[in-house]
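**Q** Just dropping this structure here.
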Amino acid sequence: MRASSSLSVTTRRGLNEITAEVARKVAQSGVRAGLATLFIRHTSASLLIQENADPSVRRDLEAFLSRLVPDGDPLFTHVDEGDDDMSAHMKTALTRTSEQIPVVDGRLALGTWQGIYVWEHRLGSHRREVLVHVSGE
Amino acid sequence: MRASSSLSVTTRRGLNEITAEVARKVAQSGVRAGLATLFIRHTSASLLIQENADPSVRRDLEAFLSRLVPDGDPLFTHVDEGDDDMSAHMKTALTRTSEQIPVVDGRLALGTWQGIYVWEHRLGSHRREVLVHVSGE
Amino acid sequence: MRASSSLSVTTRRGLNEITAEVARKVAQSGVRAGLATLFIRHTSASLLIQENADPSVRRDLEAFLSRLVPDGDPLFTHVDEGDDDMSAHMKTALTRTSEQIPVVDGRLALGTWQGIYVWEHRLGSHRREVLVHVSGE
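Protein chains in written order, with the working numbering: chain A, 663 to 799; chain B, 663 to 799; chain C, 663 to 799.
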């Protein structure tokens, strides 16, 4: 059994939760035991599985990564699209483009505290596409 | 063919090897050609595939990452669970939650020097759960 | 349907594009709907999906990562194989060993600007092996 579909996510900079939307795709697939694969079709936004309990974790992740990879770093030569463009590519490189989550008993086998996020690295709001592929029995 | 199971790993901070345990799950699955998918159900410990020859590599990886993301960084506001909590989330974000390894001739197709690790980012010893999903023929 | 094969890539430090080679493997597999899984069998070179339009993005990614993880960092104790060895392991830990890309209509479902790269972290030229596993219908 195999179901492939696409999620469209309107983001703002930082972590944008998509756990419920992915869970819905898994439920619709009818797969009871297998794998869900996520793939983000962008190079300046990434995927992350992280704590979804305390919002301060998400704020701190964003603050830390933005200090580690600052907008407008003087090292960058690719600057035509703005100060947040090259930093966004680098932040994407340090996080994830694809992610796999086992499906057990028809549900995402996430840990108690795990949520799924699109990490938007550009300023402003963007439309991002995440492919969701579910396979199994 | 599809086999899904779970590994329980008792960790201490740093890289905890699980190559033999994962190899055993692959052997038990009976899959000769396919994929092994690993998924760690936590947000303050991660997965890594790295050199398993010289232990100094593992020590240096831990030392570098702990300097890059220091415990108790004054930037962090999520501090209730201790100085090692928010740094552990950030280190997990910079490494991996899922990993895929092809299975060839009934074995993990790791390179000569590759081992599989749970990277514990918190102080003290913890019980961590890694899902192992093997599919193929 | 399942096809497993191997790509041999001659690299130099930085991002070495393999999009066309991977696309060829997908076409040869005959899979129309499914997943392509990439796995690099090394611990000092990694995989990355990033922008393949402007070469300045690749140069900036390399420059930034090499400043973040400098060759010969005095912290490193694993130094026998040269100044670029331990930094290469660390850079690999911060990027990716496996990557998954959905296959839709017989093609890699990459975004408009996405290319697939082997990120060589050692100096000089190396032969790297990337396993390509395609499954689906």
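Virtual Cβ for every residue (Gly too), placed ideally from N, Cα, C.
Quick check: what's the CA-CA separation for B/G696 versus A/L793?
**A** Locating residue 696 of chain B in the second sequence gives position 34, where the first residue counts as 1. Locating residue 793 of chain A in the first sequence gives position 131, where the first residue counts as 1. One C-alpha to the other measures close to 22 Å.
**Q** Checking contacts by CB at 9 Å: is A/A725 closer than that to chain B?
**A** By 1-based counting over the first sequence, the position of residue 725 of chain A is 63. True, the Cβ-Cβ gap to chain B drops below 9 Å.
**Q** Provide the residue span of the alpha helix (DSSP H) that contains B/V684, from first to last.
**A** For this step, residue 684 of chain B is matched to residue 22 along the second sequence. Start and end: T681 to S691.
**Q** Taking 6 Å as the limit between beta carbons, can you name the residues of its chain near A/S668, skipping five residues before and five after?
**A** As a first step, residue 668 of chain A must be located in the first sequence, where it is residue number 6. The answer, listed in chain order, is E791 and L793.
**Q** C/P764 versus chain A: which residues are under 8 Å apart at the beta carbon?
**A** The count along the third sequence starts at 1 and reaches residue 764 of chain C at position 102. Chain A residues near C/P764: S666, T699, F701, L793 and H795.
**Q** What does the alpha-carbon distance come out to for the pair C/Y779 and C/L727?
**A** Your numbering for residue 779 of chain C matches position 117 in the third sequence. Your numbering for residue 727 of chain C matches position 65 in the third sequence. Whole-angstrom Cα-Cα distance: 15 Å.
**Q** Please list the terminal residues of the continuous beta strand (DSSP E) segment that includes C/A698.
**A** In the third sequence, the residue the question calls residue 698 of chain C occupies position 36. Where C/A698 is concerned, the enclosing beta strand (DSSP E) stretches over G696 to I702.
**Q** What is the DSSP secondary structure of C/H795, reduced to helix, strand or coil?
**A** Walking along the third sequence from the start, residue 795 of chain C turns up at place 133. Three-state result, C/H795: strand.
**Q** May I ask you to list, following chain order, the residues of the region 701-722 of chain C that have a beta carbon less than 8 Å from some beta carbon of chain A?
**A** The region 701-722 of chain C vs chain A, Cβ under 8 Å: L710, I711, Q712, E713, D716, S718, V719, R721 and D722.
**Q** Going along chain A, which residues have a C-beta under 8 Å from C/L772?
**A** The count along the third sequence starts at 1 and reaches residue 772 of chain C at position 110. Those within 8 Å of C/L772 in chain A are R703.
**Q** Given a cut-off of 9 Å on the beta-carbon distance, is the pair A/A707 and A/I763 in contact?
**A** By one-based count along the first sequence, residue 707 of chain A stands at place 45. By one-based count along the first sequence, residue 763 of chain A stands at place 101. Result no, Cβ atoms of A/A707 and A/I763 do not sit closer than 9 Å.
**Q** With H, G and I counted as helix, E and B as strand and the rest as coil, what does DSSP make of B/E743?
**A** The residue labelled residue 743 of chain B in the question sits at position 81 within the second sequence. Of the three classes helix, strand and coil, the one that applies to B/E743 here is coil, per DSSP.
**Q** Can you tell me the Cα-Cα spacing of B/E713 and C/H788, whole angstroms?
**A** Walking along the second sequence from the start, residue 713 of chain B turns up at place 51. Walking along the third sequence from the start, residue 788 of chain C turns up at place 126. Approximately 17 Å, taken between the alpha carbons.
**Q** What residues from the region 679-700 of chain C come within 8 Å of chain B, judged by C-beta to C-beta, listed N to C?
**A** For the region 679-700 of chain C, which is checked against every Cβ of chain B, the residues closer than 8 Å are T699.
**Q** Can you tell which of A/R769, A/H795, A/I680 and A/V671 has its C-alpha closest to the C-alpha of A/L711?
**A** Position 49 of the first sequence, counted from the start, is the residue given in the question as residue 711 of chain A. The identity of residue 711 of chain A in the sequence shown is Ile, whereas the question assumes Leu. Ranking the options by Cα distance to A/I711, first place goes to A/I680.
**Q** Does the beta-carbon of B/L677 have 16 or more other beta-carbons within 10 angstroms, so that it is buried, or is it exposed?
**A** Stepping through the second sequence from its first residue, residue 677 of chain B is reached at position 15. Label assigned to B/L677: buried.
**Q** Of all the options A/L723, A/S718 and A/R675, which has the alpha carbon lying nearest to the alpha carbon of B/D742?
**A** In the second sequence, residue 742 of chain B corresponds to position 80, counting from 1. Nearest of A/L723, A/S718 and A/R675 to B/D742, Cα basis: A/S718.
**Q** In chain A, which residues lie less than 9 Å from C/G768 when you measure between Cβ atoms?
**A** As a position in the third sequence, residue 768 of chain C is number 106, starting the count at 1. What C/G768 touches in chain A: nothing, since even the nearest Cβ is about 13 Å away.
**Q** Residues of chain B with a CB under 8 Å from the CB of A/L756: which are they?
**A** Position 94 of the first sequence, counting from 1, holds the residue named residue 756 of chain A. Near A/L756 (Cβ distances below 8 Å), the residues of chain B are L756.
**Q** Have a look at A/M663 and C/V693 and give me their C-alpha separation to the nearest angstrom.
**A** The residue labelled residue 663 of chain A in the question sits at position 1 within the first sequence. The residue labelled residue 693 of chain C in the question sits at position 31 within the third sequence. If I take the Cα positions, the gap works out to 15 Å.
**Q** Could you have a look at C/A725 and say whether DSSP puts it in helix, strand or coil?
**A** For the purposes of this step, residue 725 of chain C is identified with residue 63 of the third sequence, where counting begins at 1. Helix.
**Q** Exposed or buried, which one is B/Q690 when buried takes at least 16 other CB atoms within 10 Å?
**A** As a working note, residue 690 of chain B is residue 28 in the second sequence. Exposed.
**Q** Using DSSP bridges, identify the partner residues of C/L710.
**A** Along the third sequence, read from residue 1 onward, the residue named residue 710 of chain C stands at position 48. C/Y779, per the DSSP bridge assignment.
**Q** Do you know how far the Cα of C/H704 is from the Cα of A/R721?
**A** Taking the first sequence and counting its residues from 1, one reaches residue 721 of chain A at position 59. Taking the third sequence and counting its residues from 1, one reaches residue 704 of chain C at position 42. Straight-line Cα distance between these residues: approximately 34 Å.
**Q** Taking B/R675 and C/L737 to be in contact with their CB atoms under 8 Å, please state how far apart those CB atoms are, rounded to whole angstroms.
**A** As a first step, residue 675 of chain B must be located in the second sequence, where it is residue number 13. As a first step, residue 737 of chain C must be located in the third sequence, where it is residue number 75. Not confirmed; about 17 Å, so no contact.
**Q** Going by C-alpha to C-alpha distance, which of A/S670, A/V731, A/A771 and A/A715 sits closest to A/T757?
**A** What you label residue 757 of chain A is simply residue 95 of the first sequence in a count that begins at 1. Of the candidates A/S670, A/V731, A/A771 and A/A715, the one whose C-alpha sits nearest the C-alpha of A/T757 is A/V731.
**Q** If you draw a straight line from the alpha carbon of A/D735 to that of A/G798, how long is it in whole angstroms?
**A** In the first sequence, counting from the first residue as 1, residue 735 of chain A sits at position 73. In the first sequence, counting from the first residue as 1, residue 798 of chain A sits at position 136. Rounded to the nearest angstrom, the two C-alpha atoms are 45 Å apart.
**Q** So which residues on chain A does C/E782 lean against when the C-beta distance must stay under 7 Å?
**A** The residue given as residue 782 of chain C occupies position 120 in the third sequence. Residues of chain A passing the Cβ test: none, with the nearest at roughly 14 Å.
**Q** Let's test the definition: count the other Cβ atoms within 10 Å of the Cβ of C/T759 and tell me whether it reaches 16, buried, or not, exposed.
**A** Translated into positions along the third sequence, residue 759 of chain C becomes position 97. Classification for C/T759: buried.
**Q** Is B/T673 close to chain A? Criterion is C-beta to C-beta, closer than 9 Å.
**A** The residue labelled residue 673 of chain B in the question sits at position 11 within the second sequence. Output row for B/T673: interface = no.
**Q** How many Å lie between C/H783 and C/D747 at the Cα?
**A** The residue given as residue 783 of chain C occupies position 121 in the third sequence. The residue given as residue 747 of chain C occupies position 85 in the third sequence. C/H783 and C/D747: Cα-Cα distance of roughly 8 Å.
**Q** The beta strand (DSSP E) that contains A/R664, what's its start and end?
**A** Locating residue 664 of chain A in the first sequence gives position 2, where the first residue counts as 1. It spans R664 to T673 - the beta strand (DSSP E) in which A/R664 sits, taken as one unbroken run.
**Q** May I have the straight-line CA-CA distance separating A/F701 from A/L709, to the nearest angstrom?
**A** Here residue 701 of chain A is taken as the residue at index 39 of the first sequence, counted from 1. Here residue 709 of chain A is taken as the residue at index 47 of the first sequence, counted from 1. Distance between the alpha carbons of A/F701 and A/L709 is about 8 Å.
**Q** What does the alpha-carbon distance come out to for the pair C/G768 and C/V688?
**A** Within the third sequence, residue 768 of chain C is the residue found at index 106, counting from 1. Within the third sequence, residue 688 of chain C is the residue found at index 26, counting from 1. When rounded, the distance between both Cα atoms is 7 Å.
**Q** Taking the continuous beta strand (DSSP E) assigned at A/V765, which residues delimit it?
**A** As a working mapping, residue 765 of chain A is identified with position 103 in the first sequence. Here the beta strand (DSSP E) through A/V765 covers S760 to V766.
**Q** Quick one, are the C-beta atoms of B/V671 and B/L770 less than 9 Å apart?
**A** Looking up residue 671 of chain B in the second sequence gives position 9. Looking up residue 770 of chain B in the second sequence gives position 108. Cβ distance not < 9 Å, so B/V671 and B/L770 don't count as in contact.
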